[in-house]
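Let me begin by presenting the structure, written as structure tokens, before commenting on it.
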Amino acid sequence: MKISISVNGDKQTHDVEPRTLLVQFLREQANLTGTKVGCDTSSCGACTVLVDGESAKSCTMFAAQADGSAVTTIEGLMTDGKFNRVQQSFQDEHGLQCGFCTAGMVMAAVSLLEEIPNPTESDVRIGLEGNLCRCTGYHNIVKAVMAAARVK
Amino acid sequence: MIPASFEYIRVDSTEQVIAGLAEYGDEAKILAGGMSLIPLMKLRLATPTVLLDAGRLDDLSYISDKGDYLALGALTRHRDLETSDLLAKECAVLRGVAAEVGDNQVRHRGTIGGSVAHGDPASDLPAVLVALEAEFVVEGPSGSRTLASANFFKGFLETELSETEMLTEIRVPKTGATNWSYHKFNRRAQDWAIVGALAFRAQDSSRVALVNMGSVPIRATAVEQALASGASHAEAADQAAVGTEAPEDSNASSAYREHLSRVLVKRALDEALV
Chain A
1 MKISISVNGD
11 KQTHDVEPRT
21 LLVQFLREQA
31 NLTGTKVGCD
41 TSSCGACTVL
51 VDGESAKSCT
61 MFAAQADGSA
71 VTTIEGLMTD
81 GKFNRVQQSF
91 QDEHGLQCGF
101 CTAGMVMAAV
111 SLLEEIPNPT
121 ESDVRIGLEG
131 NLCRCTGYHN
141 IVKAVMAAAR
151 VK
Chain B
153 MIPASFEYIR
163 VDSTEQVIAG
173 LAEYGDEAKI
183 LAGGMSLIPL
193 MKLRLATPTV
203 LLDAGRLDDL
213 SYISDKGDYL
223 ALGALTRHRD
233 LETSDLLAKE
243 CAVLRGVAAE
253 VGDNQVRHRG
263 TIGGSVAHGD
273 PASDLPAVLV
283 ALEAEFVVEG
293 PSGSRTLASA
303 NFFKGFLETE
313 LSETEMLTEI
323 RVPKTGATNW
333 SYHKFNRRAQ
343 DWAIVGALAF
353 RAQDSSRVAL
363 VNMGSVPIRA
373 TAVEQALASG
383 ASHAEAADQA
393 AVGTEAPEDS
403 NASSAYREHL
413 SRVLVKRALD
423 EALV
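So the protein sequences, as listed, match chains A and B. Read in the working numbering, the first sequence has 7 at position 7, and its numbers run on one by one without any break. Read in the working numbering, the second sequence has 312 at position 160, and its numbers run on one by one without any break.
What follows is the structure, given as structure tokens:
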């Protein structure tokens, strides 16, 4: 079946099998490999992207479900070669170690800050419960999201 | 993990869903948010050959005040429940427990109807709906029928829904409950409840429900009866596991679940019934 998804503002039209997962579409058809497959069971959040502005786990969604939607991946956050405030805060606060969870963490944080612009630390910790960091670097991740929230 | 092949049909109306179910029978599954079905398909525990994607039936996404009860469209997302002003006013317990389902990403896509129709005893919302004495409206080839939540759940992932029927609306009687407490015990923040315990005071009675203490979501009737006859919270909570058939799995033995149910019910009672 033929589907069209606006990925980072770029219309991507591809022939897919119905069983194609959104994350496969992004990585293999759209060639955007910033989005990672971690657990592949919707537990770890490494595959988090924005679907019509809200965070979703792209390993637990068929690409066909996003037909006609706007998807934002980690590659779509920069403007004019500059990091978005969440990306910049992750760098400033050392919010990553191995980096595997980072794309998903950042996308989940972008969605969280849309919903809760001025979060408490507890809001951030609960808001990121769907994302696992196996380096266990949560402390700096939370610091980074709190720092990003202060950038207006 | 890639699911087995299937035919994908996007439906634009409830009638199309019913027609699709009539045509394909048990070969077909309705796809709502997909938060339960897609993981099962990836593990190939579910292998429908036809998926009827109802995800865009926006007319089944609503929370409305009907006087005595609230009507919730089956495709209302958890996110919409947890941010609903109407629920904050009329059914805070449902709003609050919806915020405990999975994680943000799951709640952005998962629906109340999907959760109910899936019939997993470890799900949070079915237990709340049983305790609220909700009713479920289902549509089928010969029209619609309304089922009591108390009789809806039949067994693990089994409900009263026939293979040609679709759940379209959840009706929640207004109970006047403002104080409530839900204790969900799990290993990772986003996990399913190993055991969950819910308590709230309705106008006429104290209601207590248990998650993952049997093959279906259940009311803790022994606890409710003890409370009605004047037992203390501790005495009532001691009855939490009475009549349950707690499952045994890699997370917990039945005996440990029984212990958890008593502890969590006590905590829920202390918070909700003040």
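We treat Cβ as the ideally placed atom computed from N, Cα and C, and that holds for glycine. All values derive from a computational prediction rather than experimental measurement.
Helix or strand or just coil, what does DSSP make of residue i?
i: residue 217/B; result: strand
i: residue 224/B; result: strand
i: residue 330/B; result: coil
i: residue 90/A; result: helix
i: residue 259/B; result: helix
i: residue 384/B; result: coil
i: residue 240/B; result: helix
i: residue 102/A; result: helix
i: residue 82/A; result: strand
i: residue 417/B; result: helix
i: residue 400/B; result: coil
i: residue 374/B; result: helix
i: residue 195/B; result: coil
i: residue 229/B; result: strand
i: residue 358/B; result: strand
i: residue 363/B; result: strand
i: residue 341/B; result: coil
i: residue 21/A; result: strand
i: residue 64/A; result: helix
i: residue 300/B; result: strand
i: residue 38/A; result: coil
i: residue 368/B; result: coil
i: residue 97/A; result: coil
i: residue 143/A; result: helix
i: residue 114/B; result: Summary: the structure shown does not reach residue 114/B, with chain B confined to residues 153 through 426, and so no result is reported for it.
Please look up how many angstroms separate the CB atoms of residue i and residue j, rounded, as I've assumed it's under 8 angstroms.
i: residue 203/B; j: residue 160/B; result: 5 angstroms
i: residue 77/A; j: residue 49/A; result: With a Cβ gap of about 11 angstroms, residue 77/A and residue 49/A do not count as contacting.
i: residue 181/B; j: residue 155/B; result: Actually they do not touch by this definition, with Cβ atoms about 11 angstroms apart.
i: residue 335/B; j: residue 247/B; result: Going by Cβ atoms, the distance from residue 335/B to residue 247/B rounds to 17 angstroms, so no, they are not a contact pair.
i: residue 144/A; j: residue 55/A; result: 16 angstroms between Cβ atoms; not a contact.
i: residue 87/A; j: residue 71/A; result: With 8 angstroms as the limit, residue 87/A and residue 71/A do not qualify as a contact, their Cβ atoms being about 18 angstroms apart.
i: residue 79/A; j: residue 34/A; result: With a Cβ gap of about 16 angstroms, residue 79/A and residue 34/A do not count as contacting.
i: residue 368/B; j: residue 305/B; result: 4 angstroms
i: residue 413/B; j: residue 396/B; result: 7 angstroms
i: residue 95/A; j: residue 141/A; result: 5 angstroms
Just list the residues that DSSP pairs residue i with in beta bridges.
i: residue 319/B; result: 290/B
i: residue 335/B; result: 349/B
i: residue 168/B; result: For residue 168/B, which the question treats as bridged, DSSP gives no partner whatsoever.
i: residue 325/B; result: 221/B
i: residue 295/B; result: 292/B
i: residue 307/B; result: 310/B
i: residue 14/A; result: 3/A
i: residue 74/A; result: None; residue 74/A has no bridge partner.
i: residue 182/B; result: 204/B
i: residue 55/A; result: 50/A
i: residue 160/B; result: 203/B
i: residue 392/B; result: Answer is none; residue 392/B lacks a bridge partner.
i: residue 69/A; result: Answer is none; residue 69/A lacks a bridge partner.
i: residue 283/B; result: Residue 283/B is not bridged to any residue.
Where does residue i land, buried or exposed, given buried means 16+ other C-beta within 10 angstroms?
i: residue 298/B; result: exposed
i: residue 211/B; result: exposed
i: residue 133/A; result: buried
i: residue 321/B; result: buried
i: residue 20/A; result: buried
i: residue 340/B; result: exposed
i: residue 139/A; result: exposed
i: residue 424/B; result: buried
i: residue 191/B; result: buried
i: residue 308/B; result: exposed
i: residue 24/A; result: buried
i: residue 389/B; result: buried
i: residue 281/B; result: buried
i: residue 296/B; result: exposed
i: residue 8/A; result: buried
i: residue 262/B; result: buried
i: residue 385/B; result: buried
i: residue 178/B; result: exposed
i: residue 44/A; result: buried
i: residue 39/A; result: exposed
i: residue 205/B; result: buried
i: residue 91/A; result: exposed
Taking Cβ-Cβ distances shorter than 8 angstroms, what residues in chain D pair up with residue i?
i: residue 61/A; result: Looking at the structure shown, chain D is missing, and the protein chains on hand are A and B.
Exercise for the section: Using a Cβ-Cβ cut-off of less than 9 angstroms, give me the residues of the region 326-351 of chain B that come near chain A, in sequence order. Expected result: Correct list: 340, 341, 342 and 343.
Handout entry: the region 117-129 of chain A: positions lying closer than 7 angstroms to chain B by Cβ
Key = Listed by position, the residues of the region 117-129 of chain A near chain B (Cβ gap below 7 angstroms) are 127 and 129.
Exercise for the section: For the region 225-256 of chain B, enumerate the residues whose C-beta is nearer than 8 angstroms to any C-beta of chain A, in chain order. Expected result: The region 225-256 of chain B vs chain A, Cβ under 8 angstroms: 231, 254, 255 and 256.
Problem - Proximal residues, the region 1-32 of chain A versus chain B, C-beta separation under 9 angstroms - result: So the list reads 1, 17, 18, 19, 20, 21 and 24, given in the order they occur along the chain.
Handout entry: Contact residues within the region 202-220 of chain B, judged by C-beta distance below 8 angstroms to chain A
Key = For the region 202-220 of chain B, which is checked against every Cβ of chain A, the residues closer than 8 angstroms are 203, 205 and 207.
Practice task
Compile a chain-ordered list of the residues in the region 171-182 of chain B whose CB is closer than 9 angstroms to at least one CB of chain A.
Solution key: Listed by position, the residues of the region 171-182 of chain B near chain A (Cβ gap below 9 angstroms) amount to none.
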